[in-house]
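Chemist:
This is the structure in structure tokens:
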């Protein structure tokens, strides 16, 4: 019978082999001359492999969709957010977003910049023989949810892969047949605010966040941890919504938007995860109570009190897959984490 140290050594060796054999597929998004494509436009990958999207010229996204609806974001899927790269930046550095493959099921991706998907700018992981049909369907698609932004300035910080247009976990029937869309302006020249920052919305309503100047997100959090993603603090497996970083230049005249649907009357808490913004009070709430301990004012005060020290910024890479994969933080961190699990099992 093997001793515990022997079992542990064997398992750690196996773990090292598994990670050593994982492949990384590098995919160029956009490129010189305004090319509208992913290169290559599909890959065949194994569980544990990674796909690194390298964003070059113009302003693109890598956004998960479905075979049936190539140009529409899938709820709960990943989304890099818009990543603008100026035409004169030919040598980099270029922003990257990395996706980890969880299984061999197909993963369908498109660029949600206006008309790019309809021009055939799609990508797939493990499409089998269906990529041509997927791209053809995209070119024939006229009902996209794509947004448009201007592309000029660029940030060199990594951008998160994050859920697109996801909603709170609880569900209820809308209270009326007529829903309302609530428009919220995010950022702007010289301001770090959501306007309005505190709203009341009915089940079935939508909230459309319109991103203005600078580089902001709208990211779901909790009252207890205003400046942390809900996905990192939830004890019940909630992921929460996250727009990803939306960079908007000072001279922009068109603005990207991100829409969520309200499922019930439970308070929704959100913040901007750009470094330092949450700590300056850049938070948002829907359906917060008007009196008591958990008001919007108390939420904002708590964010300022902790000064956003637990918030994510553009230097971090997070993500959520739709059962298809997850973003890999770093090979070393994953191996260490898995080793800790194995150690616990062996002891």
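Residue numbers (mature numbering (1 follows the signal peptide of the UniProt record, and there is no 0)): -22 to -1, 1 to 325.
Positions of the beta carbon are idealized from the N, C-alpha and C atoms, including for glycine.
This structure is a prediction, so every number in the text was calculated from the model and none was measured.
1. Nearest CA to the CA of residue 79: which residue from 12, 197, 218, 30?
2. Please state whether DSSP places residue 117 in a helix, a strand or coil.
3. Roughly how many whole angstroms lie between the Cα atoms of residue 11 and residue 69?
4. Could you check what DSSP says for residue 344 in three-state terms: helix, strand or coil?
5. Give the secondary structure of residue 258 by DSSP, where H, G and I count as helix, E and B as strand, and everything else as coil.
6. What does the alpha-carbon distance come out to for the pair residue 4 and residue 265?
7. Would the beta-carbon of residue 116 fall within 8 angstroms of that of residue 53?
8. Determine the extent of the beta strand (DSSP E) in which residue 43 is found, giving its start and end residues.
9. Looking at the structure shown, is residue 282 part of a helix, part of a strand, or coil, going by DSSP?
10. I need the DSSP call for residue 158, collapsed to helix, strand or coil.
11. Just to confirm the assignment, what range does the alpha helix (DSSP H) spanning residue 208 have?
12. With a cut-off of 8 angstroms on the beta carbons, I'd call residue 205 and residue 166 a contact; round off their distance for me.
13. Given a cut-off of 8 angstroms on the beta-carbon distance, is the pair residue 111 and residue 86 in contact?
14. If contacts are defined as beta-carbon pairs under 8 angstroms, then residue 65 and residue 96 qualify, I think. What distance do you get, rounded to the angstrom?
15. Kindly indicate the opening and closing residues of the beta strand (DSSP E) around residue 14.
16. Which residue wins for smallest C-alpha separation from residue 38, given the options 199, 74, 157, 202?
17. Ignoring anything shorter than 4 residues or poking outside the region 170 to 228, list the alpha helix (DSSP H) runs there in chain order.
18. Out of 191, 159, 192, 187, state which residue places its alpha-carbon closest to the alpha-carbon of residue 180.
19. Does the count of Cβ pairs from the region 185 to 200 and the region 224 to 241 closer than 8 angstroms reach three?
20. Helix, strand or coil for residue 129 per DSSP?
21. Got a sec: does the ligand NAD put a non-hydrogen atom nearer than 7 angstroms to the Cβ of residue 262?
22. Mind checking residue 202: buried by the 16 CB within 10 Å criterion, or exposed?
Modeler: With the structure as the only source:
1. Closest option to residue 79, Cα to Cα, is 30.
2. Correct three-state label for residue 117: helix.
3. Take the alpha-carbon of residue 11 and the one of residue 69: they are about 14 angstroms apart.
4. Only positions -22 to 325 of the chain appear in this structure, which leaves residue 344 out of reach.
5. When DSSP states are grouped into helix, strand and coil, residue 258 belongs to the helix group.
6. Spanning the two alpha carbons is a distance of roughly 43 angstroms.
7. For the pair residue 116 and residue 53, the CB atoms are not nearer than the 8 angstroms cut-off.
8. Looking at the DSSP string, the run of the beta strand (DSSP E) that includes residue 43 is 41 to 43.
9. Helix, per DSSP.
10. Residue state, collapsed to three classes: coil.
11. Here the alpha helix (DSSP H) through residue 208 covers 208 to 211.
12. Your pair residue 205 and residue 166 does not check out as a contact, with CB atoms roughly 21 angstroms apart and the cut at 8 angstroms.
13. Cβ distance not < 8 angstroms, so residue 111 and residue 86 don't count as in contact.
14. 22 angstroms between Cβ atoms; not a contact.
15. Counting along the chain, residue 14 falls outside any beta strand (DSSP E), and DSSP gives it neither H nor E.
16. That would be 74, whose Cα lies nearest to the Cα of residue 38.
17. Those alpha helix (DSSP H) runs which fall completely within the region 170 to 228 and span 4+ residues are 208 to 211.
18. The shortest Cα separation from residue 180 among 191, 159, 192, 187 belongs to 159.
19. Touching, yes.
20. Bear in mind that a pLDDT of 32 at residue 129, under 50, signals an unreliable position, so the number given afterwards is only what the model happens to contain. DSSP places residue 129 in coil when its eight states are reduced to three.
21. The ligand content of the structure shown is nil, which means the ligand NAD is not present either.
22. Of the other Cβ atoms in all chains shown, fewer than 16 fall within 10 Å of the Cβ of residue 202; this residue is therefore exposed.
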